[in-house]
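The structure appears below as structure tokens.
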């Protein structure tokens, strides 16, 4: 079980309020991702849940029990840190066994659980090595191993993949997702990388300056961003946000249209412009279109084989059915 | 760069330093070795020729030798235990955020800047004097008979004085080591259910092990040769005669240069054995 409820939780460091009153419920077994730009308070929020920081006011409940003043060790949560925080003088085996030793389990049980974790995470080959002799990905696995042997109510991940190279990151992303499917334990995952958020989450919590901007499934956020911030943050490349006369024509203050929802052709569309930089990814090409008469540079995603080049005049057709309309207050209009 | 000309130029430029160092080290060493094999009594007939290993045998068989070795080891061991234990505690304390941290740190380090002779004099006259010393006043305040520290508790007194001098050094090295500990490791241990004491035992202490070895190594080398503290306080009486002090007495008080030099050679050998031993421990510790 691992249902975590935050009730009007606030956190201040001195006079600075980093988390204004915040309510959030994380259901049992859910993979929740906290995402937001640097300094938005997502790590602080995770540390509040972990108990590594005391909350200033409000209440944290785990499985319905008030955990606000329960010390971290007794909240039944396990955390994977950004730096992995492995104990450098202990072998992998001892690292993983450490929480069990602290819980004073008997040796046979410790061995059984460590072996279990090692086989789940393929650690067996280097179980007697020290962390210093392992690669980044292997250390990451050990850190996860140390978390799963405790059989916690929920896992907390604090930007666990940010120290890995790109290829390894994709691999570990899959592994963590698979682990979640297999363990069916609540996981809370903090990241600034929206690709991680979109691919792994059951529920995404978008944060800005300690405020929750929107909570929802990845597709909900993609399809119906509640405000301009979420619209600009979720989706890659960024949504085109157009204001001015063109937006007024559609009856709103700001018009949002995703790059993948604009068709680029030689002629025939309502908008036109000149191709600036084109980024070829093979499968897709991103065109940056200038001189459209819309103030902004428009980004368009086209098939990889579409062959416009720098300086070509092209015509753009936005899909009317997936346009996002935002009012002057930045909120989505119904 | 490494042409023939530049190499010989480099040798030429290094020569003064090398020659100076060689002279500095080799001349006294050779002279010590030379005198240790000679019967040399400056006030009683001067240099009287070769005596073979006579000085070496006499130095070791003298009734003062083994007590001196023991005194040396007790002082070194006692000071090491006190400075390392208190040093770890002080380092942890100074690592906590507190008001006036900068000033407190400077104050803690201050004793290291006091010359050994001066600090021994201060301790002897201001603290340990049985009539006017601060300790005597405290004892009398509680109605107790003041202790004449340097004669009744001579060894603990000297260990106290030397520990006071060396504690800042240990604290400084251990403080920098503690500051390099990743705070996420302590948080991980806290999440893993380790209370403060176990965090100290399983995380902080292993992290400090390398720094502790270095403190022990450096301090041992310096503590084997402490002299001023004993000279100023007890003058080698009351069982505080260390090997260094014994050598000093043989040369200057007994005016027997040959015997003292033989003792010096023993001290060199002892220091090298200790150094070798400690180097191996450090090397082993630095490996992982």
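Chains as they are written, first to last, in the working numbering: chain Y, 19 to 352; chain F, -10 to 277. Backbone N, C-alpha and C fix where the C-beta goes; we use that ideal spot for every residue, glycine too.
Which same chain residues end up closer than 8 Å to residue 191 of chain Y when comparing Cβ atoms and leaving out the 5 residues on each side of it in sequence? The beta carbon of residue 191 of chain Y sits closer than 8 Å to those of 179, 214, 217, 218, all from its chain and outside the five residues before and after it, given in chain order.
Just checking, does the segment 122 to 140 of chain F make contact with the segment 88 to 99 of chain F on the three C-beta pairs under 8 Å criterion? No, the segment 122 to 140 of chain F does not touch the segment 88 to 99 of chain F.
Pull out every residue of the segment 169 to 182 of chain F whose Cβ sits closer than 7 Å to any Cβ of chain Y, in chain order. Answer in chain order: 171, 173, 174, 176, 177, 179, 180, 181, 182.
Mapping DSSP to helix, strand and coil, what is residue 93 of chain Y? Three-state DSSP puts residue 93 of chain Y in a helix.
Any chain Y beta carbon closer than 9 Å to residue 195 of chain F: With a threshold of 9 Å between beta carbons, residue 195 of chain F makes contact with chain Y.
Within 10 angstroms of its Cβ, does residue 231 of chain Y collect 16 or more other Cβ (buried), or is it exposed? Buried, since its Cβ has 16 or more Cβ neighbours within 10 Å.
In terms of residue numbering, what span does the beta strand (DSSP E) encompassing residue 289 of chain Y cover? Residues 289 to 298.
Is it buried or exposed for residue 34 of chain Y, if we count other Cβ within 10 angstroms and need 16 for buried? Residue 34 of chain Y should be labelled exposed.
Please work out which residues of its chain come closer than 6 Å, Cβ to Cβ, to residue 186 of chain Y, disregarding the five sequence neighbours upstream and downstream, and give them in chain order. The beta carbon of residue 186 of chain Y sits closer than 6 Å to those of 155, all from its chain and outside the five residues before and after it, given in chain order.
Residues of the segment 49 to 73 of chain Y with Cβ closer than 9 Å to any Cβ of chain F, in chain order: Taking 9 Å as the Cβ-Cβ cut-off against chain F, the residues of the segment 49 to 73 of chain Y that qualify are 65, 68, 69, 70.
Go to residue 13 of chain Y, then tell me how far its beta strand (DSSP E) extends in each direction, as first and last residue. Shown here, chain Y extends from 19 to 352; a query on residue 13 of chain Y therefore has no answer.
Is residue 184 of chain F close to chain Y? Criterion is C-beta to C-beta, closer than 9 Å. Judged by the 9 Å Cβ criterion, residue 184 of chain F is in contact with chain Y.
If you count every other CB in all the chains shown that lies within 10 Å of the CB of residue 6 of chain Y, and 16 or more means buried, which is it? This structure leaves residue 6 of chain Y out entirely; chain Y is present only between 19 and 352.
Taking three-plus beta-carbon pairs below 8 Å as touching, is the segment 291 to 299 of chain Y in contact with the segment 235 to 253 of chain Y? As far as the Cβ criterion goes, the segment 291 to 299 of chain Y does not touch the segment 235 to 253 of chain Y, which means the pair count is below three.
Residue 48 of chain F beta carbon less than 9 Å from that of residue 225 of chain F: Not a contact, by the Cβ cut-off of 9 Å.
Entirely enclosed beta strand (DSSP E) segments - the segment 19 to 64 of chain Y, minimum 3 residues: Listed in chain order, the complete beta strand (DSSP E) runs (minimum 3 residues) inside the segment 19 to 64 of chain Y are 22 to 31, 34 to 44, 49 to 53.
Considering only residues of the same chain and omitting the five flanking positions on each side of residue 237 of chain Y, which have a CB-CB separation below 7 Å? Excluding sequence neighbours, residue 237 of chain Y sits near nothing in its chain.
Is residue 37 of chain F buried or exposed, if buried means 16 or more other CB atoms sit within 10 Å of its CB? Exposed, since its Cβ has fewer than 16 Cβ neighbours within 10 Å.
Contact between the segment 62 to 75 of chain Y and the segment 174 to 186 of chain F (3+ Cβ pairs under 8 Å): Judged by pairs of C-beta atoms under 8 Å, the segment 62 to 75 of chain Y touches the segment 174 to 186 of chain F, as three or more such pairs exist.
Within 9 Å (strictly less), CB to CB, does residue 136 of chain Y reach chain F? Output row for residue 136 of chain Y: interface = no.
Counting only C-beta atoms, is residue 28 of chain Y closer than 9 Å to chain F at any point? No, no contact with chain F.
If contact means a Cβ-Cβ distance below 7 Å, which residues of the segment 108 to 138 of chain F contact chain Y? Per Cβ criterion, the list is empty.
Suppose you measure from the CA of residue 61 of chain Y to the CA of residue 27 of chain Y; what does that come to, to the nearest Å? Using only the alpha carbons, I get a separation of about 14 Å.
Test: residue 192 of chain F CB closer than 9 Å to a CB of chain Y: For residue 192 of chain F, the nearest CB of chain Y lies under 9 Å from its own CB, placing it at the interface with that chain.
So what's residue 85 of chain F in DSSP terms, helix, strand or just coil? In the three-state DSSP reduction, residue 85 of chain F falls in the coil class, being neither helix nor strand.
So is residue 344 of chain Y in contact with chain F if we call contact Cβ pairs under 9 Å? So no, residue 344 of chain Y is outside the interface.
Contacting positions in the segment 97 to 122 of chain Y - beta carbon closer than 7 Å to chain F: Within the segment 97 to 122 of chain Y, the qualifying residues are 97, 99, 101, 103, 105, 107, 116, 117, 120, 121.
Does the Cβ-Cβ distance between residue 210 of chain Y and residue 53 of chain Y come in under 9 Å? Contact: yes.
Are the beta-carbon atoms of residue 202 of chain F and residue 267 of chain F separated by less than 9 Å? With contacts defined as CB atoms closer than 9 Å, residue 202 of chain F and residue 267 of chain F qualify as a contacting pair.
Suppose the cutoff is 7 Å on Cβ atoms and the five residues either side in sequence are ignored; what does the same chain contact list for residue 48 of chain Y look like? In chain order, 204, 220, 221 place their CB closer than 7 Å to the CB of residue 48 of chain Y, counting only its own chain and leaving out the 5 sequence neighbours on each side.
Among Y:110, Y:123, Y:270, Y:126, which has the Cα closest to the Cα of residue 347 of chain Y? Out of Y:110, Y:123, Y:270, Y:126, Y:270 has the C-alpha closest to the C-alpha of residue 347 of chain Y.
Is the distance from the Cβ of residue 284 of chain Y to the Cβ of residue 327 of chain Y below 9 Å? No Cβ-Cβ contact shorter than 9 Å links residue 284 of chain Y with residue 327 of chain Y.
Where the segment 124 to 158 of chain Y meets chain F: residues whose CB sits under 7 Å from a CB there: So the close ones are 148.
Indicate the three-state DSSP secondary structure (helix, strand or coil) for residue 177 of chain Y in the structure shown. Assigned with DSSP and collapsed to three states, residue 177 of chain Y falls in coil, not helix or strand.
Shorter than 9 Å from the beta carbon of residue 89 of chain Y to some beta carbon of chain F? Contact of residue 89 of chain Y with chain F is assigned, a C-beta pair being separated by under 9 Å.
Span of the alpha helix (DSSP H), counted from its first residue to its last, around residue 232 of chain Y: That residue, residue 232 of chain Y, is in no alpha helix (DSSP H); its beta strand (DSSP E) goes 229 to 234.
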